[in-house]
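Peer 1: FYI, the numbering for the sequence shown is 523 to 945, going by my numbering. In this text, a Cβ means the ideal position worked out from N, Cα and C, and glycines have one as well. Treat the numbers as computed from the prediction; the structure is a model and nothing was measured.
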Amino acid sequence: MNDSPPEKVVVIGAGIVGVCCALELQERGVSTVLIDRQEPGAEGAASFGNAGMLSSASLVPLPAPGMLKKVPGWLLNRDGPLAIRWSYLPTLLPWLIRFLRAGNDRRQRSGTAALAALHARTLELHARLARRAGVPDLTVPVEHLQVYRSKRSIDEGFKEWDLRRAHGIDFERIDRRTLAEMEPDLSSHYTQAMLIRDQGRTTDPGRLVQALARRFVDIGGRFVHAEVRAIQGDSGRIRSVSVGDGDRCIEGEGFVLSAGIFSKRIGLSIGLSIPLDSENGYHITCPEPKVRISHTVMDGEYKLVANPMDPGLRFAGMAEFSGADSPDNPRRIEVIARLAKRMYPNLSLEGFRSWRGRRPSTPDGLPVIGPSPSHENLWLAFGHGHTGMIAGPMTGQIIASMITGSALDIDVFPFQAERFHNG
Ligand SMILES: Cc1cc2nc3c(=O)[nH]c(=O)nc-3n(C[C@H](O)[C@H](O)[C@H](O)COP(=O)(O)OP(=O)(O)OC[C@H]3O[C@@H](n4cnc5c(N)ncnc54)[C@H](O)[C@@H]3O)c2cc1C
Numbered sequence: 523m524n525d526s527p528p529e530k531v532v533v534i535g536a537g538i539v540g541v542c543c544a545l546e547l548q549e550r551g552v553s554t555v556l557i558d559r560q561e562p563g564a565e566g567a568a569s570f571g572n573a574g575m576l577s578s579a580s581l582v583p584l585p586a587p588g589m590l591k592k593v594p595g596w597l598l599n600r601d602g603p604l605a606i607r608w609s610y611l612p613t614l615l616p617w618l619i620r621f622l623r624a625g626n627d628r629r630q631r632s633g634t635a636a637l638a639a640l641h642a643r644t645l646e647l648h649a650r651l652a653r654r655a656g657v658p659d660l661t662v663p664v665e666h667l668q669v670y671r672s673k674r675s676i677d678e679g680f681k682e683w684d685l686r687r688a689h690g691i692d693f694e695r696i697d698r699r700t701l702a703e704m705e706p707d708l709s710s711h712y713t714q715a716m717l718i719r720d721q722g723r724t725t726d727p728g729r730l731v732q733a734l735a736r737r738f739v740d741i742g743g744r745f746v747h748a749e750v751r752a753i754q755g756d757s758g759r760i761r762s763v764s765v766g767d768g769d770r771c772i773e774g775e776g777f778v779l780s781a782g783i784f785s786k787r788i789g790l791s792i793g794l795s796i797p798l799d800s801e802n803g804y805h806i807t808c809p810e811p812k813v814r815i816s817h818t819v820m821d822g823e824y825k826l827v828a829n830p831m832d833p834g835l836r837f838a839g840m841a842e843f844s845g846a847d848s849p850d851n852p853r854r855i856e857v858i859a860r861l862a863k864r865m866y867p868n869l870s871l872e873g874f875r876s877w878r879g880r881r882p883s884t885p886d887g888l889p890v891i892g893p894s895p896s897h898e899n900l901w902l903a904f905g906h907g908h909t910g911m912i913a914g915p916m917t918g919q920i921i922a923s924m925i926t927g928s929a930l931d932i933d934v935f936p937f938q939a940e941r942f943h944n945g
């Protein structure tokens, strides 16, 4: 690879991750082209309809010791947070085996340290980007409540809370009465809660991505609305990406693959094989909820998040493994609506809108951020699973620093793609 940084970089995918990479590159003077098959921030991206938590406390990777014991209970509970389409199991199996292998104490500790560093400045970085994009109201500080119906379930998570404490997260266990004062419309069946301070949220993730993409264009970046068919290259270098019907090529000196779950398919066109699967999640957004909510609130057992957003009160969650191309599952929407009413009995569901999104999830719960193992001018930025909104701005900084040869102030070793090829 030449020592001088590439003059023109092509970024594939304009979800939160791709937009943050493109924006940061353009800000640093690199002529950048951002390609997406839809308008940035539109419904087809996971970045459109997520729960909008910009929470540095989300730092414990999903694979955890003892997971194997919990999974059958979750799967048997028809309202549980996890679902697998059984016909998809053979396809998922290699991913699942890696996932279960990653759930040990040592890897949980090291993964937590990696995510803590990646997520630590999320609100500050988001607020700066939103301010520059002229939408400061879209990212706001918040106190987050994680609520439980039984003492046993809050106590079961003690290890995760210890890890959070070790990484400087400021939280406090609160009693039933305090909880009722803070969230009077929340069901009184919730008797236990953790209050986490200094967190953030967005009031509209889709609009945030849209605004950041607009800023990218305003400062000279070029957005191309087209479907990427394949990446083309030889002898360890990428030359171009083919778009549309495959008859058009966009050339560049450097390339960033940041197409969320679809990074896997696009990567295969150059023989890049990364274990990535779609953890399908759903939301309902209630335009006239008729309940008050002044925090982000997560049901700690069912992993359902409530966030009062501009389009309405959003409830988002669920992890359904059925592949990226499976049809939407209306049962998941029914479950979310039922759980939302369980959280807020007076909630009005009238006119609610629903959505399904594809979390790009790696089996060890860490994203892939860094150079491609096989092509010297390709960088990878995908696999952010449950925390892509949180990690988007920092990922953009890391990728832009790597491409421009600037110093990094974070250990990126845990995010390298090679980890999947070393056992
Ligand atoms: C229900 C739910 C709740 C969530 N809650 C949170 C949360 O509270 N906080 C948080 O941090 N994260 C949350 N997440 C996760 C978060 O949404 C994702 O990690 C993040 O959006 C991933 O961003 P991305 O840019 O990698 O992918 P995406 O947002 O999916 O963007 C990928 C882009 O690539 C484009 N693309 C794909 N293929 C092609 C192609 N061939 N050609 C051209 N363009 C292409 C797509 O159109 C899309 O715009 C949640 C996810 C879900 C589903």
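Suppose you measure from the CA of Gly595 to the CA of Gly588; what does that come to, to the nearest Å?
Peer 2: Reading the sequence shown from its first residue, position 73 is the one you call residue 595. Reading the sequence shown from its first residue, position 66 is the one you call residue 588. So the alpha carbons of these two residues sit roughly 12 Å apart.
Peer 1: Please go through the segment 760 to 822 and give each complete alpha helix (DSSP H) segment of 4 or more residues, from N-terminal end onward.
Peer 2: 785 to 790
Peer 1: Contact defined as beta carbons within less than 8 Å: I believe Val582 pairs with Leu685. What is the distance between those atoms, to the nearest angstrom?
Peer 2: Stepping through the sequence shown from its first residue, residue 582 is reached at position 60. Stepping through the sequence shown from its first residue, residue 685 is reached at position 163. Contact flag correct, Cβ pair sits at about 6 Å.
Peer 1: Once the 5 residues before and after Arg761 are set aside, which same chain residues still bring their CB inside 6 Å of it?
Peer 2: Locating residue 761 in the sequence shown gives position 239, counting from the first residue. Gln754, Gly755.
Peer 1: How about Val750: is its Cβ closer than 7 Å to a heavy atom in ligand 1?
Peer 2: Position 228 of the sequence shown, counted from the start, is the residue given in the question as residue 750. Indeed, a heavy atom of ligand 1 lies less than 7 Å from the Cβ.
Peer 1: Please list the terminal residues of the continuous beta strand (DSSP E) segment that includes Ala752.
Peer 2: Position 230 of the sequence shown holds residue 752. Run containing Ala752: 750 to 756, per the beta strand (DSSP E) assignment.
Peer 1: Considering Cα atoms alone, identify which of Pro849, Leu835, Ala929, Gly879 is closest to Tyr866.
Peer 2: Along the sequence shown, one-based indexing puts residue 866 at 344. When only C-alpha atoms are compared, the closest one is Leu835.
Peer 1: Kindly list the residues whose CB is nearer than 7 Å to the CB of Glu682, restricted to its own chain and excluding five residues on each side of it in sequence; keep chain order.
Peer 2: In the sequence shown, residue 682 corresponds to position 160, counting from 1. Around Glu682: Val582.
Peer 1: What is the rounded straight-line gap between the Cα of Gly537 and the Cα of Ala841?
Peer 2: Here residue 537 refers to the residue found at position 15 when the sequence shown is read from its first residue. Here residue 841 refers to the residue found at position 319 when the sequence shown is read from its first residue. Their Cα atoms are separated by approximately 20 Å.
Peer 1: Between which two residues does the alpha helix (DSSP H) carrying Leu547 extend?
Peer 2: Here residue 547 corresponds to residue number 25 of the sequence shown, with the count starting at 1. Element bounds for Leu547: 538 to 549.
Peer 1: Please list the segments of the alpha helix (DSSP H) lying wholly inside the segment 672 to 734, counting only runs of 4 or more residues, in order along the chain.
Peer 2: Runs of the alpha helix (DSSP H) inside the segment 672 to 734: 673 to 678, 680 to 688, 698 to 704.
Peer 1: Tell me the DSSP bridge mates of Phe837?
Peer 2: Start at 1 with the first residue of the sequence shown, and residue 837 comes out as number 315. Ile806, Ala828.
Peer 1: Label Ala573 either buried or exposed according to how many other C-beta atoms from any shown protein chain fall within 10 Å of its C-beta, with 16 as the threshold for buried.
Peer 2: Locating residue 573 in the sequence shown gives position 51, counting from the first residue. The residue is buried, with at least 16 neighbouring Cβ atoms inside 10 Å.
Peer 1: If you reduce the DSSP assignment to three classes, tell me which class Ser923 lands in.
Peer 2: For this step, residue 923 is matched to residue 401 along the sequence shown. If DSSP states are grouped into helix, strand and coil, Ser923 belongs with the helices.
Peer 1: Does the segment 627 to 639 come within contact of the segment 540 to 554, defined as at least 3 CB pairs closer than 8 Å?
Peer 2: Three or more Cβ pairs closer than 8 Å define a contact, and the segment 627 to 639 falls short of that threshold against the segment 540 to 554.
Peer 1: Could you give the DSSP three-state label for Glu565: helix, strand or coil?
Peer 2: Reading the sequence shown from its first residue, position 43 is the one you call residue 565. Three-state result, Glu565: coil.
Peer 1: Does at least one heavy atom of ligand 2 sit under 7 Å from the Cβ of Thr634?
Peer 2: Absent from the structure shown: ligand 2. Ligands present: ligand 1.
Peer 1: Please state the DSSP three-state secondary structure of Gln630.
Peer 2: On the sequence shown, position 108 is the one that residue 630 refers to. It is helical.
Peer 1: Going along the chain, which residues of its own chain have a beta-carbon closer than 8 Å to the beta-carbon of Pro706, five neighbours each way excluded?
Peer 2: On the sequence shown, residue 706 is found 184 positions in, with the first residue counted as 1. Here the set comprises Arg814.
Peer 1: Measure the beta-carbon distance from Leu730 to Leu660 and round it to whole angstroms, keeping in mind my assumption that it falls under 8 Å.
Peer 2: In the sequence shown, counting from the first residue as 1, residue 730 sits at position 208. In the sequence shown, counting from the first residue as 1, residue 660 sits at position 138. Going by Cβ atoms, the distance from Leu730 to Leu660 rounds to 5 Å, so yes, they are a contact pair.
Peer 1: Look up Tyr670 in the DSSP assignment and give the residues it is bridged to.
Peer 2: Indexing the sequence shown from 1 puts residue 670 at position 148. DSSP, once it has assigned bridges, lists Gln714 as partnering Tyr670.
Peer 1: What does the alpha-carbon distance come out to for the pair Ile676 and Ala715?
Peer 2: Looking up residue 676 in the sequence shown gives position 154. Looking up residue 715 in the sequence shown gives position 193. So the two alpha carbons sit approximately 8 Å from each other.
Peer 1: Around the Cβ of Gly535, are there at least 16 other Cβ atoms within 10 angstroms (buried) or fewer (exposed)?
Peer 2: Taking the sequence shown and counting its residues from 1, the one referred to as residue 535 is at position 13. Result: buried.
Peer 1: State the CB to CB distance for the pair Gly907 and Ser883, rounded to an integer number of angstroms; the pair is presumed to be in contact (CB under 8 Å).
Peer 2: Counting from 1 along the sequence shown, the entry for residue 907 is found at position 385. Counting from 1 along the sequence shown, the entry for residue 883 is found at position 361. Going by Cβ atoms, the distance from Gly907 to Ser883 rounds to 4 Å, so yes, they are a contact pair.
Peer 1: What number of angstroms, rounded off, separates the C-alpha of Val765 from the C-alpha of Val593?
Peer 2: As a first step, residue 765 is located in the sequence shown; it is residue number 243 there, counting from the start. As a first step, residue 593 is located in the sequence shown; it is residue number 71 there, counting from the start. In a straight line, the C-alpha of Val765 is about 41 Å away from that of Val593.
Peer 1: Return yes when the C-beta of Tyr824 is under 7 Å from any heavy atom of ligand 1, and no when it is not.
Peer 2: The residue given as residue 824 occupies position 302 in the sequence shown. Result no, Cβ not under 7 Å from ligand 1.
Peer 1: Are the segment 850 to 864 and the segment 784 to 800 touching by the rule of at least three beta carbon pairs closer than 8 Å?
Peer 2: no
Peer 1: Where does Glu856 fall in DSSP's three states?
Peer 2: Taking the first residue of the sequence shown as position 1, residue 856 is located at position 334. Glu856: helix per DSSP, three-state reduction.
Peer 1: Taking one C-beta from the segment 738 to 749 and one from the segment 884 to 892 each time, how about it: are there three or more such pairs within less than 8 Å?
Peer 2: no
Peer 1: Does the beta-carbon distance from Val532 to Gly742 come in below 8 Å?
Peer 2: In the sequence shown, residue 532 corresponds to position 10, counting from 1. In the sequence shown, residue 742 corresponds to position 220, counting from 1. No, they are not a contact pair.
Peer 1: Going straight from the alpha carbon of Tyr804 to that of Ser569, what length do you get?
Peer 2: Taking the first residue of the sequence shown as 1, we reach residue 804 at position 282. Taking the first residue of the sequence shown as 1, we reach residue 569 at position 47. A straight-line Cα-Cα distance of about 12 Å links Tyr804 and Ser569.
Peer 1: Helix, strand or coil for Arg736 per DSSP?
Peer 2: Position 214 of the sequence shown holds residue 736. In this structure, Arg736 counts as helix in the three-state DSSP scheme.
Peer 1: In the DSSP assignment, what are the bridge partners of Pro528?
Peer 2: Taking the first residue of the sequence shown as position 1, residue 528 is located at position 6. For Pro528, which the question treats as bridged, DSSP gives no partner whatsoever.
Peer 1: Just checking my contact of Val664 with Gly728 at CB under 8 Å: how many whole Å lie between their CB atoms?
Peer 2: Against the sequence shown, residue 664 aligns to sequence position 142. Against the sequence shown, residue 728 aligns to sequence position 206. Not quite, the Cβ-Cβ distance comes to about 19 Å (not below 8 Å), so this is no contact.
Peer 1: At a cut-off of 7 Å, would you count Phe745 as near ligand 1, judging by its Cβ distance to the nearest heavy atom?
Peer 2: For this step, residue 745 is matched to residue 223 along the sequence shown. No; taking the cut-off as 7 Å, the Cβ of Phe745 has no heavy atom of ligand 1 nearer than that.
Peer 1: So Ile619 is in the alpha helix (DSSP H); what residue range does that whole segment cover?
Peer 2: Walking along the sequence shown from the start, residue 619 turns up at place 97. Residues 611 to 624.
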